[in-house]
Amino acid sequence: MKVLRIDLKKCDGTQACMTECARALFKSEDVAFSSIVVVRENGKSVATLCDQCGECISVCPTQALYRSKIGTVMLKKDLCTGCFMCIGFCTKGAMLRVSKGLVPFKCISCGKCVDACPNGALSLEQVDHENLPA
Amino acid sequence: MTYDYTNRTCYAKAEEVAKMKLAHKVLKEASFTPSLPQRGYNERTLYINLSDLTVSEKPVTQQMKEIFIGGRGFGLWQLWQAVKPTTRWNDPENELIISPGPLAGNTQYPGSGKSIVVTLSPLTDIPIDSNVGGFFGPLLKFSGFDALEIQGKADRDVVIFIDGVEGKIQIEEAPQEPLDSHIAAEVFTHEYAKDEKDLQNVSVISAGSAADHTFIGCLNFSWYDVRRKAARLKQAGRGGTGTVFRDKRIKAIVVRGPRARADSNHPADLDLMAKTGIKLHKEIRDGDEKQCKMHKQGTAHLVEVMDAYDLLPVNNFQYGKHPETPKIASYEWEKRFTIGIPDGCWYGCSMSCCKGADEFKVLSGPYKGHLNTVDGPEYENAAGLGSNCGIFDKDWILESNFYCDVYGIDTISFGTLCAFVMECYERGILNKERTGGLELNFGNAEAQMELMHQMARGEGFGLIAGKGVARMKKHFVEKGWGDPELLADIGMEVKGLEFSQYMSKESLAQQGGFALANKGPQHDEAWLIFMDMVNNHIPTFEDKAEALHYFPLFRTWFGLNGLCKLPWNDIEPADNAKTSEPAKVPEHVQNYCDIYAGITGKELTKEGLILMSEAVYNFQRIFNIRMGKGRRQDDLPPYRAVGPVTREEYESRAERYDKQLKEKVGIDPEGKPLEEKMRLLRKHREDQYQKLVDAVYKRRGWTKEGVPTMETIKKFKLDFPEVLALVEPLLAKATYFE
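So the protein sequences, as listed, match chains A and B.
Each residue of the first sequence is one higher than the last, beginning at 1 in the numbering used here.
Each residue of the second sequence is one higher than the last, beginning at 1 in the numbering used here.
So this is what it looks like as C-alpha cells:
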C-alpha cells in the first residue's frame, strides 16, 4: 500500500497540501475539509497524517471501513452510520469530520498533496500491509 | 486457544427459511406513513390489540413529553391508562409497552440503543421496567414510533411485523418457527430482511419455550452482528416480560427500519453530539484497559473484585467469597471471549461490553452438541448462575447462560431462585422425593440444568421453581416443608422479584438500594456498596438518604431517554477522582445534559435532569400503591440481605460481627451464647434499616407510610384525578415527617 510521509524539515507550513486535499475530496477551498493537517507550532510544522494502519477498520460496527485491494483504508459511505468511533479510536488523529458532516473522512493516499507541495516535503511510500487489519 | 467467531450451527438455511415464511398467514395488515423523529420524537406511538387485531396510532402529547419524557415514563403512563387496580399480568388489558426514549438511536454517544419494556409483572403484580439493548428500539423510532403498545391476547401464535421502510404493519400466523430465541432471532431476521445488506436493519423480539411455563420469562432483543454473521441477543431480563409476551401468544415482534444515520433523530445540534461522543470514545480508548477492561471482559470484570470485598454471592447469599472464585474470574472469561471486534449492542457503543463466547459446544438438553455463540456471561450471570449456586465451572456457566437466553429465562431470577432451592435442599426442606429426583445440592450444575430444562418442557419441579421465590416460599409453607420463618429469611425476594447478585449485608445503603427499589431488588436503581461500605463516603442516615435520593433518580433518567448506564461510570475521565463528587462522575453527567440538548434542543442542567426523573419515579411509586404494593410494609428486605441468618453465617465472620456488637451496639459479646449474639445483632440491624427508611422517605417527600405527599405530587404535576382519588384517603390518615 501507499502511505503518505512528510519530511517536516522541508515543510514551511504554507498548507498548499491542505488546500489541494480539500479541493480533491470536497471541491472546497476551506482547509477544514483536508484529510492532511499541517500546522505551525513554535516555528515548527506539526503534521497529522494517516498511515493506513487500519485500526479504524477494527472498530467500525458496520464494516463501512475496509482495506482496498491496493491496501488503502477506504470508507463506504452508504454503510456508515456516523458513529465516529473511528475518529475517537484513531491514535493518529487522522480520521476527521467537518461541521454538520454525517460521515467521517480520511486520507486515501491519492498523492495530490505530494504534487502540490512546493517544497517536496511529502512523498508516498510503498509499505507492506499483509499483517494489518483488513 | 482461539475460536472461530463465524463457526456455529446454522439455523437459517435459505430453503428452510423460505418454507417457514410460506406457511405464514396474514391475519391483519395496516399501513402507515414512515417517518424519522424530529429532535428525538416522532410524536406518535403504535397501538396494537391482539384480541381484536386493532392497529392504530396514538399522538404523543405535550404532557407526555413534559412529565414522562419517554422510555420508562411513556410505558408507565400508557400502562396506567390501560389497567385497573385489579388487573393482573395475564388479563387481556395488561399491556406490554416497548419504548426507546428521545435520545435512543443516536449513533454518537456510547450506550444509546436502549429500549425499556414495561408491563404488569407476573412475579410482583406491579409494573416492571426492564432496560434492554439490541437494535429494536432505535429501528422502531426510525420507522416512525416513539413506543409500541400491545394489549389483548391473540388466539394463536402470531408474529407482529413492523416494516418502517414500506410503511406496513402485519400480524401474521407463524406456525413453524421455533420459539427458542437463538433459532427464532436468526430465522425471523432472515425472513424479513430484503437482502444481506438489510440484515442489520432488522431486529427481532422473542422469548423462548420456558417463558410459556414460568413467571421469570425474559425477552430477547436481537442485533445483527455483521462480523459473526449472527443475530445476537440482549435481554429485557427482569420481572417476567417474556411470560406476558407468550401469554399474549406472541412468537416474535420484528421491526425492519431504514439504515441508521448520524442524523436519523434529526438532532438540534449534530456537532455537539459528535463532539461529546468523540470525547467519550477517546476516554474509552485511553482509559478502559486501565479501568474496567469492558472491551475485553464486559461486566464479568467484577467477579474477583466482588469476591475480594466479600460481596460475591455464594450459596444463596450466605457468603461473599469462595476459594474457587479464580476459576470464574474475569481473566478466565477473557480467554473465552472473542476480543478485538466491535461488540456494541447499538452503533457507536465503544464500550463494547457484550462479549461473545464463540464455538461453545452445548453440553445438555435439546441442543446438545450444537455449536453456538453465547452472549455473555455478564457479571450477573457468572455470579447468579455460578457462585450463588456454588458452581465454579466456566463451561457449565456458559451452558446455563446459553439456555437461559434461548429458553427466555431471566438469568438473575433463575440464579437466585435456584440458589434458594439448593439451600432448601441442603437443609432438608426439599429432598429428592419433593424435587422429583433432582439432587439440587450446591454445585450440582447438571441438576441446575435439568431444573431449567424442566421449565422449558413445563414439567416436574421446574414448574414449581419457575414461579419464583415468593410463590415457592408460600408453596413450601402450605406443604409444611421447612420453618416458615427460616424460609422468609433466606428467600431472596422483595415485592416478589428476586434479588440481583450483590451481597448487601454490610452495606445499609445497599439494603435500601434493593428493598426500596420501585420494581423490586434490582441494582440498576442504586448501587451504593462501595460508596457506603468500602469508602465510607455516606456515614450518616442523612448521607445515605441523599444517596438513595440522587442515584435512583439519576439512573432512572437513563430509562426515560433510552440510554445504558455503563458508559456513565464504567469508564471515568482520567481526573475524575480529583472532582468534588467522584461517585457522580460530574463530567459525564454534563455529557448527558449536553446530548439531551444536542438532540432535543432544550437546555438541561444537572439539577433539571434529576427533577425529570423525580416526576416519573414518584408516579411509579403511586402506580405500585394503586396495584396494592408500594408502601412501607412492601419495602422490607429478607433478613439474609441484612445480616447473618444462620449460625454458620455468623460463625464464618464472627470477628466482624462481634466487633460490631461491641462498637456499634455497645454490647460486649464476650461469653454470650451464639444465639444471643445473633439476636442482638439482628435487632440492631433491623432497627438501623427502619431508621434508614425514615430518612429516605423524608428525603423523597413521602409520608412515614411511604406515600408521596400532596406537596410532592403537585410539585411534579402528578395530581391527575385518578391519582388524587387514590392517595387522598391514604394521606388523610398518614403520618408526616416534621
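The beta-carbon is built from N, C-alpha and C at its ideal position, and this holds for glycine as well.
- Looking only at B/230, B/460, B/337, the smallest Cα-Cα distance to residue 355 of chain B is reached by B/337.
- Its Cα nearest to that of residue 246 of chain B, the residue B/151 stands out among B/475, B/469, B/145, B/151.
- Interface annotation for the region 74 to 101 of chain A against chain B: 81, 82, 83, 84, 85, 87, 88, 89, 97, 99, 100, criterion Cβ-Cβ distance under 7 Å.
- By the neighbour-count criterion, in which a residue is buried when 16 or more other Cβ atoms sit within 10 angstroms of its Cβ, residue 392 of chain B is buried.
- In terms of CA proximity to residue 68 of chain B, B/716 leads the group B/716, B/734, B/725, B/513.
- Chain A places a beta carbon closer than 7 Å to that of residue 271 of chain B, counting this residue as a contact.
- When secondary structure is reduced to three states using DSSP, residue 95 of chain A falls in the coil class, being assigned neither helix nor strand.
- Rounded to the nearest angstrom, the Cβ distance from residue 130 of chain A to residue 3 of chain A is 14 Å, too far for a contact under 8 Å.
- Straight-line measurement puts the Cα of residue 597 of chain B at about 8 Å from the Cα of residue 269 of chain B.
- When DSSP states are grouped into helix, strand and coil, residue 545 of chain B belongs to the helix group.
- Taking the C-beta atoms as reference points, residue 520 of chain B is found nearer than 7 Å to residue 495 of chain B.
- Taking a Cβ-Cβ threshold of 7 Å, none of the residues of chain B is close to residue 52 of chain A; the smallest such distance is about 19 Å.
- Under the 10 Å beta carbon count, residue 155 of chain B is surrounded by fewer than 16 other beta carbons and is classified as exposed.
- About 20 Å separates the beta carbon of residue 260 of chain B from that of residue 188 of chain B, a gap too long to meet the 8 Å contact definition.
- Note that the C-beta distance between residue 122 of chain A and residue 110 of chain A is not below 7 Å.
- Along the region 2 to 13 of chain B, there is no position whose C-beta sits under 7 Å from a C-beta of chain A.
- Taking a 10 Å sphere around the C-beta of residue 428 of chain B, we find fewer than 16 other C-beta atoms and assign the residue as exposed.
- In the three-state scheme derived from DSSP, where H, G and I count as helix and E and B as strand, residue 356 of chain B is classed as strand.
- Among the CB atoms of chain A, none fall inside 7 Å of the CB of residue 580 of chain B.
- Within the model, the alpha-carbon separation for residue 82 of chain A versus residue 104 of chain A is close to 7 Å.
- Inclusion of residue 696 of chain B and residue 508 of chain B in the CB contact set at 7 Å is not warranted, their separation being larger than that value.
- Taking 7 Å as the cut-off, the Cβ atoms of residue 164 of chain B and residue 143 of chain B count as close.
- Scanning chain A for C-beta atoms nearer than 8 Å to the C-beta of residue 263 of chain B yields 82, 102, reported in chain order.
- For residue 48 of chain A, the secondary structure class from DSSP, reduced to helix, strand or coil, is strand.
- Fully contained in the region 375 to 442 of chain B are the following alpha helix (DSSP H) runs of length 4 or more, in chain order: 394 to 407, 411 to 426.
- Of the candidates B/637, B/707, B/712, the residue whose Cα lies closest to the Cα of residue 687 of chain B is B/637.
- Secondary structure at residue 215 of chain B: coil, using DSSP grouped into helix, strand and coil.
- The alpha-carbon of residue 82 of chain B is positioned some 23 Å away from that of residue 132 of chain B.
- Following the DSSP letters along the chain, one finds residue 654 of chain B inside the alpha helix (DSSP H) bounded by residues 654 to 660.
- For residue 278 of chain B, the residues of chain A that pass the 9 Å Cβ criterion are 84, 85, 87, 88, 97, in the order they occur in the chain.
- For residue 63 of chain A, the nearest CB of chain B lies under 7 Å from its own CB, placing it at the interface with that chain.
- Positions of the alpha helix (DSSP H) runs, each at least 4 residues long and wholly inside the region 101 to 157 of chain B, are given as 136 to 143 in order along the chain.
- From the beta-carbon of residue 281 of chain B, the residues of chain A found nearer than 8 Å are 84, 85, 87, 88, 89.
- In terms of Cβ geometry, residue 186 of chain B and residue 41 of chain B do not form a close pair [threshold 7 Å].
- Counted as a single uninterrupted DSSP element, the alpha helix (DSSP H) harbouring residue 624 of chain B occupies residues 606 to 626.
- In terms of beta-carbon proximity, residue 285 of chain B lines the interface with chain A, with at least one pair separated by less than 7 Å.
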